[in-house]
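So the structure is just underneath, and the comments pick up after that.
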Amino acid sequence: MILVFCGTPRFAVPSLEHIVRAGHDVRLVVTQPDRPKGRGMGLAFSPVKESALALNLPITQPEKIKNNEEFRAQLTAIAPDAIIVVGYGRIIPQWMIDLPPLGNINVHASLLPKYRGAAPIQWAIATGETVTGVTTMKIDAGLDTGDMLLQAELPIAPDDTSESLAPRLAELGAELLVETLARLEGGVITPAPQNHAENTLAPILKKEDGQIDFHRSAQEILNRLRGFTPWPGAFTQFRGKGFVIHQAHAVTAALEPGELRVESDRLLTGTGHGTALALLEIQLEGKKRMAVRDFLNGYRPQPGEKLGG
Numbered sequence: 004m005i006l007v008f009c010g011t012p013r014f015a016v017p018s019l020e021h022i023v024r025a026g027h028d029v030r031l032v033v034t035q036p037d038r039p040k041g042r043g044m045g046l047a048f049s050p051v052k053e054s055a056l057a058l059n060l061p062i063t064q065p066e067k068i069k070n071n072e073e074f075r076a077q078l079t080a081i082a083p084d085a086i087i088v089v090g091y092g093r094i095i096p097q098w099m100i101d102l103p104p105l106g107n108i109n110v111h112a113s114l115l116p117k118y119r120g121a122a123p124i125q126w127a128i129a130t131g132e133t134v135t136g137v138t139t140m141k142i143d144a145g146l147d148t149g150d151m152l153l154q155a156e157l158p159i160a161p162d163d164t165s166e167s168l169a170p171r172l173a174e175l176g177a178e179l180l181v182e183t184l185a186r187l188e189g190g191v192i193t194p195a196p197q198n199h200a201e202n203t204l205a206p207i208l209k210k211e212d213g214q215i216d217f218h219r220s221a222q223e224i225l226n227r228l229r230g231f232t233p234w235p236g237a238f239t240q241f242r243g244k245g246f247v248i249h250q251a252h253a254v255t256a257a258l259e260p261g262e263l264r265v266e267s268d269r270l271l272t273g274t275g276h277g278t279a280l281a282l283l284e285i286q287l288e289g290k291k292r293m294a295v296r297d298f299l300n301g302y303r304p305q306p307g308e309k310l311g312g
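Under my numbering, the first residue of the sequence shown carries the number 4, and numbering increases by one thereafter.
This is the structure in structure tokens:
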């Protein structure tokens with residue numbers, strides 16, 4: 004098929020590579036403009052742009068698309084059978100939805116209608132799901148509300164973080180996209196409406212999402228830590244300074260929320276519902292990550308001290 008591909012992050016790269024490998028004619032890759040990055044603030048290419056360059060595909064990087072007549076004319080001239088959208092980062096305007104006969108096909112990293120929004124991988128882990136997956140869907144004017152085409156499930160391992168889960172979901176989504184296009188081309192796929200009553204939201208992450216609430220259970224805190232790795236992480240305060248928990252596990256202990264207890268070379272902190280966390284690796288504001296044993300030797304927490312205060 005003749006396709007236009009819209010995508011930006013690393014998650015979208017396998018989808019682009021798989022449809023090219025499957026023999027589809029990608030006439031244009033649309034990705035976000037280059038952005039300043041790093042200490043030198045030099046312009047950095049998006050992962051999709053890097054992939055498109057390696058594949059020798061034409062690229063455009065419009066700052067805006069809704070009322071961009073030049074961009075609209077470019078897509079109209081291509082006359083794509085479908086437009087593929089994977090993590091592009093822009094709201095798709097109605098003219099673009101209406102342009103191709105097979106519609107705008109999106110690869111979304113959740114089992115819709117669960118986890119609609121910008122951060123489905125992170126929130127699926129953070130809320131304690133043990134299974135997630137990918138959905139191909141036809142984009143409409145809503146937020147991830149379009150008719151579903153195909154779905155595939157993937158288990159979430161107990162030690163998965165959003166960093167470890169995302170590449171597996173990206174690969175699964177790419178395979179599902181190729182299958183979806185084949186079925187669309189063959190006319191053997193029936194779009195299925197979502198049950199909107201079952202929808203949950205996965206909003207874009209904010210810094211404050213990483214602030215630890217020690218009244219949550221230990222497992223809830225660990226789920227959020229895993230989901231919010233690498234950002235915004237799981238952080239609190241110790242002696243008025245920032246304190247990040249990188250690794251911990253749940254234990255049973257009678258401690259007030261946030262209360263610290265040293266047991267030999269272990270450091271426990273109280274959490275909700277009669278649970279506690281044994282801290283394994285932490286990071287103090289302005290310092291490098293360290294094993295909790297090094298923290299105990301250097302800072303010697305005293306009885307009655309708390310995290311979060």
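Built from N, CA and C at the ideal position, the CB exists for glycine as well.
query: Cβ contact (3+ pairs, closer than 8 Å) linking the stretch 38-56 and the stretch 10-23; result: yes
query: Residue 63 vs residue 31 beta-carbon contact at 8 Å; result: yes
query: Buried/exposed call for residue 97, threshold 16 Cβ in 10 Å; result: exposed
query: Neighbour-count burial assignment, residue 46, 16 or more Cβ in a 10 Å radius; result: exposed
query: Neighbour-count burial assignment, residue 160, 16 or more Cβ in a 10 Å radius; result: exposed
query: Between the CA atoms of residue 310 and residue 263 - distance to the nearest angstrom; result: 7 Å
query: Per-residue DSSP class, three states only, for residue 100; result: helix
query: Among 33, 188, 80, the one whose alpha carbon lies nearest that of residue 60; result: 33
query: Option in 124, 300, 67, 304 with minimal Cα separation from residue 171; result: 124
query: Nonlocal neighbours in the same chain, by C-beta distance under 8 Å from residue 240, ignoring five residues either side; result: 246, 310, 311, 312
query: 8 Å Cβ cutoff met for residue 224 and residue 280; result: yes
query: Whether residue 165 touches residue 135 by CB criterion (8 Å); result: no
query: Residues near residue 177 in its chain [Cβ-Cβ closer than 6 Å; skip 5 each side]; result: 17, 18, 21
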